[in-house]
Every structure is written in C-alpha cells, then in structure tokens.
Amino acid sequence: MDKILTKKALAQWGQKLAPRRVYVPRRSEDGRWNYAEASPDDELTLDVGQTAIPPKKLLFPQKEVFVEFGESIDGDKKTLEVKEVLPADESVVIFGVRPCEGRAAWLLDKVFGGEFTDPYYWTRRNQTTLVGLACDPPPSENCFCTSVEGLPHSEDGLDILLTDLGDRYFVRALTEKGKGLLAAAGNLFRDPKPADKKKVKAVHEASAGKLKRHLKDARAISDKLKGLFDSPLWDDESMSCIRCGVCTYLCPSCHCFDINDEVDSVSPLQGKRVRTWDTCQFPDFTMHSSGHNPRPDKASRLRQRLYHKFRYFVDVYDKFQCVGCGRCISLCPVGIDIINVLDKVGSHGS
Amino acid sequence: MDHNVYVPRLAKIVEIKEEVGGARAIKTFRTAFVNGADFQHRCGQCAMLSVFGRGESMISISSSPLVRDYLQFSVLKTGRVTTALHDMEVGDLIGVRGPYGNGFPLDDWKGKNIVFIGGGIGLAPIWSVLQTTLLRRSEYGDLRLIYGARTSKDLVFKRELYELKTQLPVELSIDVAEPEWTEFVGFVPTNVLEKKPSPANAIAVTCGPPIMIKFVIKNLKDIGFADDQIYTTVENKMKCGIGKCGRCNIGFHFVCKDGPVYSWAELKRLPQEY
Chain L
1 MDKILTKKAL AQWGQKLAPR RVYVPRRSED GRWNYAEASP DDELTLDVGQ
51 TAIPPKKLLF PQKEVFVEFG ESIDGDKKTL EVKEVLPADE SVVIFGVRPC
101 EGRAAWLLDK VFGGEFTDPY YWTRRNQTTL VGLACDPPPS ENCFCTSVEG
151 LPHSEDGLDI LLTDLGDRYF VRALTEKGKG LLAAAGNLFR DPKPADKKKV
201 KAVHEASAGK LKRHLKDARA ISDKLKGLFD SPLWDDESMS CIRCGVCTYL
251 CPSCHCFDIN DEVDSVSPLQ GKRVRTWDTC QFPDFTMHSS GHNPRPDKAS
301 RLRQRLYHKF RYFVDVYDKF QCVGCGRCIS LCPVGIDIIN VLDKVGSHGS
Chain Y
351 MDHNVYVPRL AKIVEIKEEV GGARAIKTFR TAFVNGADFQ HRCGQCAMLS
401 VFGRGESMIS ISSSPLVRDY LQFSVLKTGR VTTALHDMEV GDLIGVRGPY
451 GNGFPLDDWK GKNIVFIGGG IGLAPIWSVL QTTLLRRSEY GDLRLIYGAR
501 TSKDLVFKRE LYELKTQLPV ELSIDVAEPE WTEFVGFVPT NVLEKKPSPA
551 NAIAVTCGPP IMIKFVIKNL KDIGFADDQI YTTVENKMKC GIGKCGRCNI
601 GFHFVCKDGP VYSWAELKRL PQEY
C-alpha cells in the first residue's frame, strides 16, 4: 500500500500513535545519534546520521531478565519458585530505521527462530513496528550495503519504508503491522500521483551510486575463506585489536549473548537470570572451565567474526550475516576495517 | 504458547554417589522432575543444569532413555556451577532444561559390534549408550568396553564396572602402575592397540579428554577402522544450548544443537578448532 505524507504531518502522525511508544534517532549528550523515545511534541526528524547503537537494542536489549527465582523457608521446609519474566506487553514504533538495520532484524529473525523459538526476542519483535527510511545520501561514509546483497531502499525486515521526496515522504506499507500504523492516522495520507512514483524510482536508483565503499564480489570472498582458515593473514590483521568488542556490540546483526545469575539475597535465595550481550572478541567467550580455549588468541577471534558473517552464516542460511552498515569500521578504536581485510582475502593468491 | 525454552524445570536430587574424591572430584547425581516433564532424551544428548544463583552448565545425560524413573548426570567438579552442584544434598532442587543435541545414531548400529572406548569422566556419555545396548542386547552384536583413568581412584562407576564384567569384556587401564592393579598399565590409546578390537562390522565410540580422543582415533585407524566407523563427542563452552548464543561453534556447526556426537568422517571436515 503506497501513500504520500507531507513532512510537516509526520509529527502529527507520531502523536496519533499513542499509546504506542515511539522511538526516533535523537542527538545524545556526546553528540552521537541514538534511538531514543520521542517526546509527545517531537518533530520526528529522520534524515540524520547513523546512530552509534543500532535499533537491535530495542528487539534484543543489552541486558534483559529471563527468569526470577526465589526461595521460601518455612521451618525445615524449603521451596523454590522459578518465574518466567517476558517483556512487558506494549506496542513500540521505531521511526527512521535504516534499510540495513531492517535487514539485520530480518537476519536476527532467522537466528532467534527456527527449531527453538526465542520467546523474548519474538515478543519484542511482534510488538514492534519498524518504519524505515530509504537512505539518500548514505548516512555513513563507510556504508557498503550494496556489496552484501542489500540496497539503500531494501524492504527486508521493515514494516513501512519511507522515501524522502523533499517536502514529503513516499510511504510504502509492507506488512499488516505497517498498514495498521497508517490506519491510525488515515486522514493525514493521500494517494500518490504518477509523478511521485516516478520520483521515488529516481531517488532509489540514484542513492546506490552515492555509496563510497565497496567489497569486490562478497560471494567469491566467501568461497575463498574456505581455504584460508590457517592463513597468517589473521595474525597480521588482528595485531592491533584491543578486544574492546565494539565491532560486535554495535553490529546490528551480531547476536551472541551470555546468560548469568544475579543474586539479590543469599538466604533465602532471591535473584534473577539475565541475558546480556556477549562477543566472540572476548577471550573468555569460549574458554572451558578446564582452562582450554579453542579460540585462544586475537587472530582466531577476528577470524571467527569474519567467518561467522561471511562463511558459516552463508553455509546455513545462504545469506551474509553482515548488512554493510560500516559501524565496525567507523567505530573501531584501532582502525580494523572489515572491507580491507576481506579485500585481502579476495585478492589472496591472485 | 509452548514452554519457554530458557526456563528450566525443577528437579529434585534423589541420589548422590561419590565416584572420585580429591581435587578432581566426580559425583553422580540422579534427579527426578518435581512436576513431571515431557523429557524424552536420546543417548548422547545433554541437559542444561541450573544451580539457581550460580548459573547453568551443560552436562551429558549418563542414564539410558529406557530408564524413566530418573535422569543421571556424572559431574566433574571444575567451575562455578559444578562446584555448587557438588555442595548440594539429596532433596535439593536444581533446574533442568533440554534435552539438547543430536545423540548417537543407535538405530543405524543395529546388528553391529560396538566397542566403547572411554577415559576418565568420558565414560558418562558412553554409559547411556552402553546401558541402552545392554537392555536391547539382542539387537546388537558383540559389545566391549575399553576404559581407563589416571589412577584406579579416578575410574568412575567402579562397582558397576565389575558387575559389567559378567556381561561383556571390560578392559581397564590406569596410566601409572599401582601395587594391587592386575590389568593394563598405560594410556587408553595404547590399550586400544594392545587389545586390537576388530573393525569387521563394528562401530567404535570414544569419549574422553581431547588428547586421548586424538590418539584413540589415530590408533583405531591403524587397526583398520574407517572414518565413518568411529564416533566421538565434542564439548565446548555453552550458554543457551539451542544454537543462538554463538560460542560453541565449530565452523557452521553449533555443538549444542548439531553435535555433540560426530563420526570422525564428519568431524574431520570441520575446522580443527575445538
């Protein structure tokens, strides 16, 4: 379903969405953009730079409670209760989601679905509507979505895609959830004219050409990785890594996590089991209790990050587990650049 | 909605047996679900055990699926959770979720001879298969166990092993000689070469420390076992048990979900990173 919304009416649309919680990229104190809850009078400015933290944090928070457990002691009798804690029942709308971030959600859907469904992720995913904004120009100088089978106007994973036509948005509802959001403020939208459709096409066609970074044939690189597991390349490229984990924590499609118990009271026992983000870049991520570590050095951990995204995920899902947002490049404190490393893989032996 | 995969079911510890004492203590726990549970495991599968307040640990189920009264786990005391488990008593409650993993392809082994080769705590995953094949004795060919530990004190299931000798050949070993010891002295892989199990119509199942597995496989191949006649189990650090938390992978395989059981034919094709 295609509609037109004037930019001036966007804020009104946001207001009509109550009681849904509306998130939008906002400027943080440190000057970076960050998806944050909009105020009721928010202007919902969308054409801003790339956020440091992708919207994954709203579908898969950095920390969430799985269960609460508590012991009650009555004389000699001890009982233990374990209570499931699912995310609160609410509706969430995220405005300004970039198409690569929508694609990342679409990849996370695969990881958190399948044979074992992750109820925490899916509760949030099902109650969240992703309103995307087609990129024009790219929000980061390190964007390379077209190299990993994405597009600046990709619709994967999104519920609505907005395209900026100057004084108005071209609004495409992609899912039932998306249509529901339009229905909440039906009178704000008008039907597109042929000229609007023509302009959308032109914007989409032009935007891909504005990307500055490219990978040469990611499929060929993926194939080439098969023979480079034991290459000295990983030692060379990981030398400067300070294992901070930024490349993975801030990656929109990285999903590795830890599960731990937090104790509020020892006797009687009260506490909770929590999930937190974790990363393959930390040494103890894979360390056995015996002290043995299958990935004992920076080289094997950098290799794991790249192989997971460009080899193992391709083996299982036939998709790259990288959406080309470039955050791991822009935000790496020591300048490790995934495009440069993969280019070296691609040109290896040629 | 289906049961939440991350929420453990409560189980009561109904029996604890001390297998090995000292710094590398091993205890065997039998547990029974408090409110029953639809828990049907296959041999070689694992379960995620919870000690609430300490965390979770993935432990292989050493009882046979044909035994329905309890689940059995033999646990080496090493980390935070296993140490807490060792401090627990009969009647205490733990959490259990699972079962996880692929398990041994026992149906494919019908009519075959099976030689079990274990080292130390590695007898635990073997025990489930061994008990099952014994309970269904007529469906399998000759069974044989080659098992060793560092010292006679480090052997698990000691009493059961001596009872087992009345039912199948059990060939024990310890690494270093002891005055009372009358059986083989030396490492398990060496005992395998010494006893030379026949590869004819046979499957070899080996579990134990990685270094032992490595040389057992080498020696089995020297005796004439083919890659697809050799099965082993892999262990890695795990948190979720369902292929999502990302840490137990070997290549594109998650050991928790796609393993822990591999034929050597399968395992040798994966990156050697475990």
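Respectively, the protein sequence lines represent chains L and Y.
Taking my numbering, the leading residue of the first sequence gets 1, the next gets one more, and so forth.
Taking my numbering, the leading residue of the second sequence gets 351, the next gets one more, and so forth.
All residues carry an ideal CB built from backbone N, CA and C; glycine is no exception.
Since the structure is predicted, the reported quantities are computational estimates derived from the model, not experimental observations.
Residues that residue i bridges to, as DSSP identifies them
i: K517 (chain Y); result: For the record, residue 517 (chain Y) in the displayed sequence is Gln; it is not Lys. None, per the DSSP bridge assignment.
i: A36 (chain L); result: L:V24
i: L161 (chain L); result: L:G132, L:R172
i: W459 (chain Y); result: DSSP output for W459 (chain Y) lists no bridge partner at all.
i: C396 (chain Y); result: Y:S410, Y:Y450
i: D2 (chain L); result: L:R172
i: I366 (chain Y); result: Y:F379
i: W277 (chain L); result: L:F257
i: H603 (chain Y); result: Y:I600
Best match in the options for proximity to residue i [C-alpha to C-alpha]
i: L86 (chain L); options: Y:G470, Y:A576, Y:H353, Y:L511; result: Y:H353
i: Q395 (chain Y); options: Y:L620, Y:I476, Y:V425, Y:Q517; result: Y:I476
i: G326 (chain L); options: L:T248, L:A38, L:R27; result: L:T248
i: D230 (chain L); options: L:Y307, L:K210, L:D284, L:S207; result: L:Y307
i: K362 (chain Y); options: Y:D504, Y:I600, Y:L443, Y:E533; result: Y:L443
i: P232 (chain L); options: L:S289, L:S300, L:R219, L:D42; result: L:S300
i: P252 (chain L); options: L:R213, L:K56, L:P152; result: L:K56
i: K564 (chain Y); options: Y:E365, Y:Q622, Y:E521; result: Y:Q622
i: Y624 (chain Y); options: Y:F454, Y:P449, Y:N586, Y:D608; result: Y:N586
i: G70 (chain L); options: L:G31, L:E81, L:D76; result: L:E81
i: F454 (chain Y); options: Y:L617, Y:L620, Y:S613, Y:R619; result: Y:S613
i: S91 (chain L); options: L:L59, L:I73, L:D76; result: L:L59
i: G405 (chain Y); options: L:C280, L:E262, L:G180; result: L:E262
i: K78 (chain L); options: L:P194, L:P268, L:C244, L:P139; result: L:P268
i: I524 (chain Y); options: Y:N541, Y:L511, Y:T516, Y:R619; result: Y:N541
i: S222 (chain L); options: L:V316, L:Q127, L:E29; result: L:V316
i: I464 (chain Y); options: Y:L570, Y:A382, Y:V555; result: Y:V555
Short Cβ contact (8 Å threshold) for residue i with residue j
i: R168 (chain L); j: K7 (chain L); result: yes
i: C557 (chain Y); j: T582 (chain Y); result: yes
i: G346 (chain L); j: A220 (chain L); result: yes
i: G574 (chain Y); j: P549 (chain Y); result: yes
i: P415 (chain Y); j: Q390 (chain Y); result: yes
i: C606 (chain Y); j: I259 (chain L); result: no
i: F189 (chain L); j: I336 (chain L); result: no
i: H153 (chain L); j: T146 (chain L); result: no
i: P547 (chain Y); j: R494 (chain Y); result: yes
i: F257 (chain L); j: T286 (chain L); result: no
i: W13 (chain L); j: A185 (chain L); result: yes
i: G178 (chain L); j: R103 (chain L); result: no
i: D343 (chain L); j: K216 (chain L); result: yes
i: S240 (chain L); j: V93 (chain L); result: no
i: F170 (chain L); j: V131 (chain L); result: no
i: I580 (chain Y); j: I567 (chain Y); result: yes
i: V355 (chain Y); j: F116 (chain L); result: yes
i: L399 (chain Y); j: G445 (chain Y); result: yes
i: G271 (chain L); j: D278 (chain L); result: no
i: V274 (chain L); j: V65 (chain L); result: yes
i: R380 (chain Y); j: V401 (chain Y); result: no
i: R305 (chain L); j: Q281 (chain L); result: yes
i: Y646 (chain Y); j: L473 (chain Y); result: Beyond the ends of chain Y as shown, which are 351 and 624, falls residue 646 (chain Y); an answer cannot be given.
Contacts around residue i, its chain only, beta-carbon distance under 7 Å, and the 5 residues preceding and following it disregarded
i: K83 (chain L); result: V67, E68
i: Q321 (chain L); result: L107, S253, H308, K309, F313
i: L331 (chain L); result: A52, V246, L250
i: S289 (chain L); result: none
i: R27 (chain L); result: W33
i: T433 (chain Y); result: K427
Own chain, CB closer than 8 Å to residue i, minus 5 neighbours either side, in chain order
i: G461 (chain Y); result: E489, Y490, G491, N551
i: R137 (chain L); result: Reading the sequence as shown, one finds Pro at residue 137 (chain L) and not Arg. Around P137 (chain L): S207, K210.
i: L456 (chain Y); result: R392, C393, V479, T482, T483
i: R430 (chain Y); result: R404, G405
i: P139 (chain L); result: V48, G49, Q50, R98
Cutoff 6 Å; reference residue i; Cβ partners in own chain excluding five residues on either side
i: R213 (chain L); result: N142, F144, I339
i: M634 (chain Y); result: There is simply no residue 634 (chain Y) to check, as chain Y begins at 351 and stops at 624 in what is shown.
i: P54 (chain L); result: E101, P252
i: V370 (chain Y); result: I376, D504
i: G96 (chain L); result: V24, P25, L46, L133
i: A9 (chain L); result: L188
i: P560 (chain Y); result: none
Below-8 Å beta-carbon distance, residue i vs any chain A residue
i: V246 (chain L); result: The displayed structure is made up of protein chains L and Y, and chain A is not among them.
Quiz prompt | In chain order, each alpha helix (DSSP H) run of at least 4 residues that lies wholly inside the region 28-115 of chain L | solution = 56-59, 99-112
Self-check item: alpha helix (DSSP H) runs wholly inside the region 520-589 of chain Y, at least 4 long, in chain order
Solution: 538-545, 560-573
Quiz prompt | alpha helix (DSSP H) segments (min. 4 residues) lying fully within the region 169-217 of chain L | solution = When DSSP assignments are scanned along the region 169-217 of chain L, the uninterrupted stretches of alpha helix (DSSP H) that are 4 or more residues long and fall wholly within it turn out to be 176-183, 194-207.
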